[in-house]
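What the sequence shown shows, in the numbering used here, is residues 1 to 331, in sequence order.
Even for Gly, the Cβ is constructed at its ideal location relative to N, Cα and C.
For clarity, every value in this text was computed on a predicted model and none was experimentally measured.
These notes are about the structure you will find just below.
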Amino acid sequence: TSPDIPVENRANPNDVSSNYNEDQEKLILVYTKSYGRRWLPESWSRGGNLFFLDSPDFTCPRKCVFTDNKNFSSMADAVLFGVLDTLYHSKDEIQKYPKPSERKKDQIWIASAIEPALYHDVTRIKELNYMFNWTATFRLDSEIYWPYGFFYKLKEPKRLEEIKLPNATVLRSKRLAASMISNCEAWGGRDYVLNSLKKYMDIDSYGKCGDKQCPNNTQCREYLGDHYKFFLAFENSLCQDYMTEKFFSSLSLGMVPVVYGLGNYAHIAPPHSYINALDFPNTKALAEYLLHLDKNDHEYLAYFEWRRNYAMGDNGDKVQFCALCMKLWEP
């Protein structure tokens, strides 16, 4: 048999036996942290080393158990590595990673990433070459699709009055458009597009790269949702299928996102819920359309009617881990 992954203070695998049924549940070891923090929240734990997805408001169709205790590596059906955290590990830390030769038979090693390789390229770390079997990323061609957010279709459409559209008074109080940018050296050309757009319309820029600040004691994104009609959800990278939280948060906060990127928006988002800058021949035409909507409440509010038939999903982390679980159970 393959040797176990070297660990200190090896625990007794029997510690999990009372809560884990290997015939009915898959065991997944979460090997790294996520953005420097523990990946598995305590709210998923039932005490001890195991974490479960099922709760009163969420049920995964297949059964999996998760742990971040490396002492159970020899029992795991899959091992999950966060690529971003891997890149910030020192060479000494990476040397302690398990080697492919130590992988137990049929165990799947998964590289996860929600940022593009343009900024987080693991291929430059030779110790990780040929290490992973699957990927879990924002790419639609990954073995496991992990988007920043998701939508689901409602079983019954809501009535128009149920979706709480802003009234004319609220709309008149809102400014036109805002952006929030913290990466001031993005490679995707969004700064050029943004500056070009500013020639034709008013845009307030927030974040590290902007000239405006949200008031003290406010949640900035919520503040923008209360005070702006459009949010410029321009991606920092033009990478296939890449869509960040900017898009999803602007929809949840009552703004119409204007997107600029190569995300498959038509595949992910409800119809008529966003405006794609790449659908326009130039920034002047885009600005003219946004200014037209600003003056025509009925046409602007049509961008909120998706809420009658769709909702934005909760439990994002659980949905991602459930997708991993479902993939492991495939024959």
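From ALA344 to ASN264, what does the alpha carbon distance come to, in whole angstroms?
Residue 344 lies beyond the residue range present for the chain, which begins at 1 and ends at 331; the question has no answer from this structure.
One question on the structure: do GLU235 and TYR148 come within less than 8 Å of each other, judged by their Cβ atoms?
no
So for ARG175, helix, strand or coil by DSSP?
strand
By DSSP, does SER273 sit in helix, in strand, or in coil?
coil
CA-to-CA distance, LEU53 to LYS318, given in whole angstroms:
6 Å
Beta-bridge pairing of PHE230 - partner residues as DSSP gives them
ALA177, VAL256
Would you report the Cα separation of PHE247 and GLY210, rounded to the nearest angstrom?
18 Å
Kindly list the residues whose CB is nearer than 7 Å to the CB of LEU84, restricted to its own chain and excluding five residues on each side of it in sequence; keep chain order.
TYR35, ALA113, GLU115, HIS120
For ASP294, report the span of its alpha helix (DSSP H) as first-last.
283–295
Can you tell me where the alpha helix (DSSP H) with ALA266 in it begins and where it stops?
265–268
Enumerate in chain order the residues of its own chain whose CB-to-CB distance from ALA311 is below 8 Å, with the five nearest sequence positions on each side excluded.
PHE151, TYR152, LEU154
Local Cβ density within 10 Å of PRO215, reported as buried at 16 or more and exposed below that:
exposed
Quick one, are the C-beta atoms of LEU224 and LEU253 less than 8 Å apart?
yes
Exposed or buried, PHE66, counting other C-beta atoms within 10 Å across all chains shown (16 or more means buried)?
buried
Buried or exposed: VAL170, going by 16 or more other Cβ atoms within 10 Å of its Cβ?
exposed
Roughly how many whole angstroms lie between the Cα atoms of LYS208 and ASN183?
7 Å
Does the Cβ of ASN9 have 16 or more other Cβ atoms within 10 Å, making it buried, or fewer, making it exposed?
With a pLDDT of only 31 at ASN9, under the threshold of 50, the placement of this residue in the model should not be trusted, and no figure is reported.
Using 8 Å as the threshold, is the stretch 124–143 in touch with the stretch 274–292, meaning 3 or more CB pairs across them?
no
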